[in-house]
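To keep things clear, I will list the structure first and then write my remarks on it.
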Amino acid sequence: MTINRMQKVSVFVLLLLFFSPGLTSSQKIDWQTVEDRTVRMFQEYLAINTCNPPGDVAAAAEFFKAIFEKEGIPVELIWTDKNTGRVNVLARLKGSEKKRPLMMLNHMDTVPVDRSGWSVDPFAALKKDGYIYGRGALDMKNFGIVQFMTMLLLKKNNIALDRDVIFLAVADEETSGALGAGWIARNKWEEINAEYVLDEGGFGTQGFFTKDNRLIFSVGVAEKKVLWLRLSTSGPSGHGSMPFKENANFIMAQALSRVASYVTTINITPPVAEMIKRLGKLADTPYNNALQRNTISLTVTKGFVGDPPKSNVIPGKAEAVLDCRLLPDQDPDEFVSKLKKIINDPRVKFSYIERPIESIVSSYDTELFKIIEEETRAVFPDSVTVPHLIIYGTDSRFFRRKGASCYGFFPGPVTMEEYQAIHGNDERIREKSLRAAVRIYYNVVRTFCEEKK
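Numbering (full-length UniProt numbering) for the sequence shown: 1 to 453.
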């Protein structure tokens, strides 16, 4: 081949590379290297004990801050209680501001652990049999590290953005959120002003919503209201050898028996109706039951004297706590009135531990939702993406009230067994799931936020 011909071929190849639509910024990424780094950083982050109580997340916040600063991404720590280590991390990649920001939201705190129930050290971030074990592996340090990597990749690849991309890692979610997302919503919203929020509340599952083996990715677009009620009764106290008719425990037991017999009515909300439309009949499971009705769980009872309790003392009072999860359109006062009628005993007193705030449904007819579907299907071609009503509370409730469209989304497959370990023993995530998630998550955010030419 002559030099002249070689030069022509070289020019042709360069032009082909430059104009080829298939060579996107995503395809230029060395995903093996990215995934390996994701796993390493996840293990480092997972090993940080952020149990709440006590709620100290300072070490986790410093972990994020140090790497953001090293990568040249502006970041600030927002302290809400230095005495207890409650601090929030806010980082931002600037865009052209043609559109309002996208915020990636995660919480750093986790629930406590009962070490006696774990087969491994919950803070060793151990890799074993294809899993990574640790408290927070699914709730929600997996989200946090995938969002974190998305920020680093956008920066490294110099992606031009038509909107700011914000990373917010908060404290205090596992208690009330008051010193985390709640504080940010009250005090920093004008600065953030996000149009969209990506948070927890959705996974890829099989055999979870339906009986078949389809891989279904749920995207949380709304959540049930949280209503915690304290029931209390009173009566005379005395020696166990002399029973009283007005025994506080018996009064409470009768009331709770009536509550246990109460079956709430099915009410199909719009997100669940759309889920059924896309999937067909839902499987008969406790989770799917909770999607379609108000639920009541008895979580706390107390009716004794002494510690340890005295077996021969009739207590003068008894208490019980009901954890009620209400559908978005349920009026909480009407629900409590209904419970009072069911118990039908004026000796049972009601008080609110936590009153629910308004539950808003985010639209799933948006460009972002469609991109989530497309990018998830690009990696899992046979998967189905559906809107989802989250049956528990998330920090998104604070930002939906500010007008943001919030989606709970983690693009990694999770089995029912793995899901049930959330807040339980041997919480873990499959390494393959984490690796798939970082790729999909980055592609979703890049595709949605990249400046359109």
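Just so it is clear, CB atoms sit at the ideal spot from N, CA and C, and this is done for glycine as well.
Spatial neighbours of THR299 in its own chain (CB-CB distance under 6 Å, excluding positions within 5 residues in sequence) are listed in chain order as VAL321 and ASP323. Two segments are said to touch when three or more pairs of C-beta atoms, one from each, lie closer than 8 Å; by this definition the region 342–350 touches the region 232–243.
For SER359, the secondary structure class from DSSP, reduced to helix, strand or coil, is coil. Assignment of beta-bridge partners to LEU291 by DSSP yields no partner. In terms of Cβ geometry, HIS388 and VAL221 form a close pair [threshold 8 Å].
For ASN106, the secondary structure class from DSSP, reduced to helix, strand or coil, is strand. The residue among PHE399, CYS449 and GLU450 with its C-alpha nearest the C-alpha of SER359 is PHE399. A residue is called buried once 16 or more other Cβ atoms fall within 10 Å of its Cβ, and ILE216 is buried on that count. Under the 10 Å beta carbon count, TYR262 is surrounded by fewer than 16 other beta carbons and is classified as exposed.
DSSP lists LEU198 as the beta-bridge partner residues of TYR407. LYS70 sits in a helix when the DSSP states are folded into three classes.
Remark: three or more beta-carbon pairs, one from each stretch, lie closer than 8 Å, so the region 408–417 and the region 198–212 are flagged as touching. GLU427 is a Cβ neighbour of GLY134, given a cutoff of 8 Å.
Counting only unbroken stretches of 4 or more residues, the alpha helix (DSSP H) elements lying wholly within the region 114–198 are 141–156, 181–187 and 189–192, in sequence order.
About 16 Å separates the beta carbons of ILE184 and VAL165, which is beyond the 8 Å limit, so they are not a contact pair. Judged by DSSP in its simplified three-state form, ARG401 adopts coil rather than helix or strand.
The DSSP-derived three-state label of TYR364 is coil. Here the region 152–164 makes no contact with the region 52–62; the two share fewer than three CB pairs at distances below 8 Å.
Inter-residue distance for LYS188 and MET252 is about 45 Å (C-alpha atoms, whole angstroms). Rounded to whole angstroms, the gap between the alpha carbons of GLU246 and PRO236 is 7 Å. Distance from the CA atom of LYS156 to the CA atom of PRO328, rounded to whole angstroms, is 41 Å. Rounded to whole angstroms, the separation of the alpha carbons of ARG92 and MET104 is 10 Å. By the criterion of a C-beta distance shorter than 8 Å, VAL379 is surrounded in its chain by PRO411, ALA436, ARG439 and ILE440, once the five residues flanking it on both sides are discounted. For ARG230, the uninterrupted beta strand (DSSP E) segment begins and ends at 225–234. Taken atom to atom, the span from the alpha-carbon of VAL305 to that of PHE244 is near 16 Å. Closest in alpha carbon position to PRO286, among ASP382, ALA255, ILE391 and THR84, is ILE391. Listed in chain order, the non-local C-beta contacts of SER241 below 8 Å within the same chain comprise ASN312, local neighbours out to five positions each way being set aside. Per DSSP, the beta-bridge partners of PHE217 are GLY204 and THR385. The straight-line gap separating the alpha-carbon atoms of GLU174 and LYS453 is approximately 42 Å.
With 16 or more other Cβ atoms inside 10 Å of its own Cβ, PRO122 counts as buried. The alpha carbon of TYR196 has as its nearest neighbour, out of ALA248, PRO356 and ILE372, the alpha carbon of ILE372. If one requires a minimum length of 4 residues, the alpha helix (DSSP H) runs lying completely within the UniProt domain "Peptidase M20 dimerisation" (222–346) are 248–261, 270–279, 286–291 and 332–343, in chain order.
Across the structure, THR50 and GLU71 are spaced so that their CA atoms are roughly 24 Å apart. Following the DSSP letters along the chain, one finds ALA436 inside the alpha helix (DSSP H) bounded by residues 431–449. Residue state for PHE350 is assigned as strand, using DSSP reduced to three classes. ALA137 is classed as buried because its beta carbon has at least 16 other beta carbons within 10 Å across all chains shown.
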